[in-house]
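In the UniProt record's numbering, the protein residues as written are 1 to 509.
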Ligand SMILES: Nc1nc2c(ncn2[C@@H]2O[C@H](COP(=O)(O)OP(=O)(O)OP(=O)(O)O)[C@@H](O)[C@H]2O)c(=O)[nH]1
Ligand SMILES: [Ca+2]
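Printed below as a string of structure tokens:
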């Protein structure tokens, strides 16, 4: 009797010890995790800001970026916090009314004053980059182009920000910075980590970038193999410890608007009596075009002729096949001084890999409802264009009352132009066409050259891989938890076995 009582007490005690041990182990593990987490929690962050103005041919856009000061060299830390569209046309259009540039940027710069904390204004850089519209103006009148830049520079230097200058980007820079932007945002410059970051990662292939503006268009990508042909079309980068040889070309006059101007100048006939029957506009659509305005841009100059009228009327006939034929005449493929060319004798290696196509590539494809499905075939797009172009103008107008008339009337031309540029201009095939992703933004950041420009000017992309902790924060916490749990379980089992081996065996049997 006494013996049974004794063993009951023992059993009671050992069970309680077990519970206490288990409980303390859980507390210990929880404490370990809490300490691990709090120890590794990033300190309150100190942010920096940067402002870039994209002075395009059709309009100016301002972007405000923000990033944690301590992590400036890490990838993917820069966030676009604001995009502000400047009211009015592109800066080049102000060449005959420079005084209007005094107030042009006020509204967007006021936004900057509100978004960027006041104490950071003096250290926040402001950059203005002008693109094809200003390149064209400089070709026509260098002095006027300088006056426009001086005027915008003067207005920007009146703010308390750190204004770093206004300049015209070369076509190469525009292409290259667009390529840097999307690959930075897609995280392509860092190695793809393997096994929770414990094993060495592998180099990722980059995305090509295609930008379709109003006055020029850029194509930039890392070709399959490097060639010594046309060295002007190559840029070499060393980013995060890796070398990239990137092909880029900017086709001036082949932006969406200048391409249309070229087409109209090409098609208007001396004998046409002031009427241009145009298959790229819908049946029933009519618009008057001023002849002298048509020839003001250097892009349409090559088709300039003396016409017996001052203005002509476009009359739409809405025929996709004929529109395609007319558009193709803009690409001269009759000569090529290299092993292979895009058009107009410009070298282009075979397109390779995935591409991000943005700006007007996206606007047009979005309108045509061709961005929701991820993979778009060229047949799908041709069929969409065939149907869309054949719709009468009145029907189109009433179907899309919210769309600006200028954009709406030009989607038939724009879609046909995009298809021709990609297939006949850049030689995308049925299969490679499907590798094009039409994008406006990547995780809230606009696809365009501005971010790449700022990353470069603020030295935020190091040539060499920055030295970082061997494990990421999440991997570190995961491993801490895992090993703590293993330790706790081992400890409990060990203690039970050590305290009462016979009890343990009995329970098991
Ligand atoms: N449908 C549509 N078209 C747009 C929109 N915004 C701009 N566009 C047109 O798309 C074309 C390209 O626009 P952007 O990329 O802003 O061109 P940009 O930067 O001014 O011109 P570049 O200096 O040649 O780069 C132009 O013809 C614009 O008029 C939009 O929201 N919807
Ligand atoms: Ca642009």
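All C-beta atoms, glycine included, are put in the ideal place defined by N, C-alpha and C.
On a predicted model such as this, the values are computed, not experimentally measured, just so you know.
By the Cβ rule, the region 367 to 380 counts as touching the region 428 to 436, because three or more pairs are nearer than 8 Å. Take residue 181, set aside five residues on each side of it, and the residues of its chain with a beta-carbon closer than 6 Å to its own are 451 and 452, in chain order. Residue pairing by DSSP leaves residue 334 without any beta bridge partner.
Unbroken alpha helix (DSSP H) stretches of 4 residues or longer found wholly inside the region 201 to 277: 256 to 267, given in chain order. A residue is called buried when at least 16 other Cβ atoms come within 10 angstroms of its Cβ; residue 52 meets this threshold and is buried. When distances are taken from the beta-carbon of residue 257 to the heavy atoms of ligand 2, even the shortest one reaches 7 Å or more. For residue 54, the Cβ falls inside the 7 Å cut-off from some heavy atom of ligand 1. By the beta-carbon neighbour count (other beta carbons within 10 angstroms, threshold 16), residue 302 is exposed. Under DSSP, the beta-bridge partners assigned to residue 60 are 55.
Per the C-alpha coordinates, the member of 282, 491 and 307 positioned closest to residue 294 is 307. For residue 280, no alpha helix (DSSP H) segment is defined, and its DSSP state is neither H nor E.
Rounded to the nearest whole angstrom, the C-alpha separation of residue 454 and residue 68 is 15 Å.
Contact holds between the region 79 to 99 and the region 111 to 128, because three or more Cβ pairs, one in each stretch, are under 8 Å apart.
Apart from the 5 residues on each side of it in sequence, residue 424 sits with its Cβ closer than 8 Å to the Cβ of 328, 331, 333 and 343 in its chain, given in chain order. Only residues of its own chain outside the window of five on either side were considered, and among them 234 and 245 have a CB closer than 8 Å to the CB of residue 226, listed in chain order. At a Cβ-Cβ threshold of 8 Å, residue 224 and residue 339 do not count as neighbours.
Using a Cβ distance threshold of 8 Å, residue 128 and residue 55 count as a contacting pair. By the criterion of at least three beta-carbon pairs nearer than 8 Å, the region 257 to 266 is not in contact with the region 199 to 211.
Taken from the Cβ of residue 213, at least one heavy atom of ligand 2 lies inside 7 Å. Residue 95: not part of any beta strand (DSSP E); DSSP gives it neither H nor E. Annotation for residue 363 indicates a beta carbon within 7 Å of some heavy atom of ligand 1. Residue 360: member of the alpha helix (DSSP H) spanning 360 to 367, first to last residue.
Counting the other Cβ atoms within 10 Å of the Cβ of residue 157 gives fewer than 16, which makes it exposed. The alpha-carbon of residue 350 is positioned some 46 Å away from that of residue 479. Distance from the C-beta of residue 297 to the nearest heavy atom of ligand 1 is not below 7 Å. Separation of the CB atoms of residue 131 and residue 213 is rounded to 6 Å, and the pair is thereby assigned contact status at 8 Å. DSSP links residue 372 through a beta bridge to no other residue.
When only Cα atoms are considered, residue 142 and residue 465 end up about 42 Å apart. Where residue 438 is concerned, the enclosing beta strand (DSSP E) starts and stops at 436 to 438.
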